[in-house]
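Residue numbers (full-length UniProt numbering), protein chains in the order written: chain Z, 1 to 180; chain C, 1 to 180.
Note that beta-carbon positions come from the ideal geometry of N, C-alpha and C, so glycine has one too.
Here is the structure we will look at, set down as structure tokens.
There are 2 protein chains.
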Amino acid sequence: MDKRTHITLTALELFYDKGIHSVGINEIISAANVAKKTMYHHFAGKDELILACLNERHTTFITWLENATNQQTTLHDFQERLFTSFEDWFHSKVAELGNFNGCMFINAAAEYSAPQSPVNLACKAHKAAVSSLIKQRLSECKDVKAEKIDSLCHYLMTLTEGMICQAKVSGMKQFPRLLN
Amino acid sequence: MDKRTHITLTALELFYDKGIHSVGINEIISAANVAKKTMYHHFAGKDELILACLNERHTTFITWLENATNQQTTLHDFQERLFTSFEDWFHSKVAELGNFNGCMFINAAAEYSAPQSPVNLACKAHKAAVSSLIKQRLSECKDVKAEKIDSLCHYLMTLTEGMICQAKVSGMKQFPRLLN
DNA sequence: ATATAAGTAGACCGAGCTGTCTACTATTTG
DNA sequence: CAAATAGTAGACAGCTCGGTCTACTTATAT
């Protein structure tokens, strides 16, 4: 594997697990078994590495979610598929997403709250992409009217974001499914 | 005002605004206009100060939420009051909660993910207390059956947690209100 | 009034951080 | 082959951090 990718993946795992500020360069190069010079050959600094990690995570997550939610024909099916997919993630059953520790981007935004900082912008962009994917999927449901897509997406995003937080903080890993 | 409280409030504002790891002792004592010795007279170290801040925030938040949601008689009224109260918070219209920057405890948990660390335990405890308050309020609604309280609470908690994250990360500050 | 506690200002220490540099080795490529 | 590139190991500089300490100054309480 490419050294740059290897360093990125190693750093991502540490950042996701422990938080960004808690992980130093020395820990990363030690875990990746590379020399410090190698890391600084591929990345201008820690900031660039952080952004590479977020980018890597973004691609992995969106690809997973795309595959996990395709080919649903009704709103009910899509919602159920969406919920169970997230529940799999919460239980660390999705190999490519690693040991569940909340949303990498919510976590990162907590550490980088300055709204115009590159990290914060990457977090916003990720959430916008997830929202966009959900709208795409809703538009593929035959029983969803076009004018309902935005509000349904907002509703589903709110539930998924809420469950991510609860799964991380409180260990509650099941979506609410209200039976009327 | 008591020096200990003054230091706690100053530190809390900085922690809430910038994140815990991003704020050093020197910044705190400088902002609070106290000597370093004063701070270390009242707190054994940064960790103890952090916990005091979380405790302060917890009390302030729960007290606000208790007052904001009392005397609702129906589920519909309670839910609407809950949502509009949170929306006020998102728009920084609640003086005692300061400039909105997400949930202090979700943010803190992102920085302290070790499940048994004191900070993480304080975050879990806070969320449990919010959940408990919502259940209490639901039990006060005349049209809510006792056996529905847990699932309704889970549903409302999921929506509020989700909206907190979206308000912070994406700037989306309005609850979804699906009109059937 | 005087002893004790609480406070100020800031120097200082050791540790850890990011990032640079030297010296050397391996690998790739023209 | 030769030159450039990518790599290793690790020392080191410069900075910041948490935390301690000295010397001095209020404030408080018996």
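C-beta neighbour in chain Z for residue i, strict 7 angstroms
{"i": "residue 203(C)", "result": "With chain C represented from 1 up to 180, any question about residue 203(C) goes unanswered, as that position is not in the structure."}
{"i": "glutamine 79(C)", "result": "no"}
{"i": "glutamate 161(C)", "result": "yes"}
{"i": "glycine 98(C)", "result": "no"}
{"i": "isoleucine 106(C)", "result": "yes"}
{"i": "tyrosine 16(C)", "result": "no"}
{"i": "glutamine 71(C)", "result": "no"}
{"i": "lysine 135(C)", "result": "no"}
{"i": "glutamine 166(C)", "result": "yes"}
{"i": "cysteine 123(C)", "result": "yes"}
{"i": "glycine 45(C)", "result": "no"}
{"i": "valine 169(C)", "result": "yes"}
{"i": "histidine 21(C)", "result": "yes"}
Any chain C beta carbon closer than 7 angstroms to residue i
{"i": "serine 92(Z)", "result": "no"}
{"i": "threonine 158(Z)", "result": "yes"}
{"i": "alanine 109(Z)", "result": "yes"}
{"i": "asparagine 101(Z)", "result": "yes"}
{"i": "serine 132(Z)", "result": "no"}
{"i": "leucine 178(Z)", "result": "yes"}
{"i": "serine 117(Z)", "result": "no"}
{"i": "serine 113(Z)", "result": "yes"}
Buried/exposed call for residue i, threshold 16 Cβ in 10 Å
{"i": "leucine 12(C)", "result": "buried"}
{"i": "alanine 32(C)", "result": "buried"}
{"i": "glycine 19(C)", "result": "buried"}
{"i": "glycine 24(Z)", "result": "exposed"}
{"i": "glycine 162(Z)", "result": "buried"}
{"i": "glutamate 66(Z)", "result": "exposed"}
{"i": "lysine 168(Z)", "result": "buried"}
{"i": "histidine 41(Z)", "result": "exposed"}
{"i": "alanine 108(C)", "result": "buried"}
{"i": "threonine 5(C)", "result": "exposed"}
{"i": "histidine 154(C)", "result": "buried"}
{"i": "serine 113(Z)", "result": "buried"}
{"i": "methionine 1(Z)", "result": "exposed"}
Three-state secondary structure assigned by DSSP to residue i
{"i": "phenylalanine 43(Z)", "result": "coil"}
{"i": "isoleucine 62(C)", "result": "helix"}
{"i": "glutamate 140(Z)", "result": "coil"}
{"i": "glutamine 79(Z)", "result": "helix"}
{"i": "lysine 173(C)", "result": "coil"}
{"i": "glycine 162(Z)", "result": "helix"}
{"i": "phenylalanine 100(Z)", "result": "coil"}
{"i": "tyrosine 16(Z)", "result": "helix"}
{"i": "threonine 5(C)", "result": "helix"}
{"i": "tyrosine 155(C)", "result": "helix"}
{"i": "lysine 145(C)", "result": "coil"}
{"i": "lysine 36(C)", "result": "helix"}
{"i": "valine 23(Z)", "result": "coil"}
{"i": "proline 118(C)", "result": "helix"}
{"i": "serine 113(Z)", "result": "coil"}
{"i": "leucine 49(C)", "result": "helix"}
{"i": "lysine 124(Z)", "result": "helix"}
{"i": "valine 130(Z)", "result": "helix"}
{"i": "serine 92(Z)", "result": "coil"}
{"i": "asparagine 67(Z)", "result": "helix"}
{"i": "threonine 84(C)", "result": "helix"}
{"i": "threonine 10(C)", "result": "helix"}
Inter-residue CB distance, residue i and residue j (contact presumed, cutoff 8 angstroms)
{"i": "glutamate 111(Z)", "j": "histidine 21(C)", "result": "7 angstroms"}
{"i": "isoleucine 164(Z)", "j": "isoleucine 106(Z)", "result": "7 angstroms"}
{"i": "leucine 138(Z)", "j": "phenylalanine 78(Z)", "result": "7 angstroms"}
{"i": "threonine 69(Z)", "j": "leucine 82(Z)", "result": "6 angstroms"}
{"i": "glutamine 166(Z)", "j": "threonine 158(C)", "result": "6 angstroms"}
{"i": "leucine 97(C)", "j": "threonine 60(C)", "result": "7 angstroms"}
Exercise. Does the stretch 33-43 of chain Z come close enough to the stretch 82-102 of chain Z that 3 or more CB-CB pairs lie under 8 angstroms?
Worked result: no
Problem set entry | Inter-stretch contact at 8 angstroms, needing at least 3 Cβ pairs: the stretch 85-94 of chain C / the stretch 169-178 of chain C | yes
Problem set entry | contact_flag[the stretch 128-135 of chain Z, the stretch 123-138 of chain C] where n(CB pairs < 8 angstroms) is 3 or more | no
For this session: Count the C-beta pairs between the stretch 111-124 of chain Z and the stretch 48-67 of chain Z that are closer than 8 angstroms, then say yes if the count reaches three, no if not.
Result: yes
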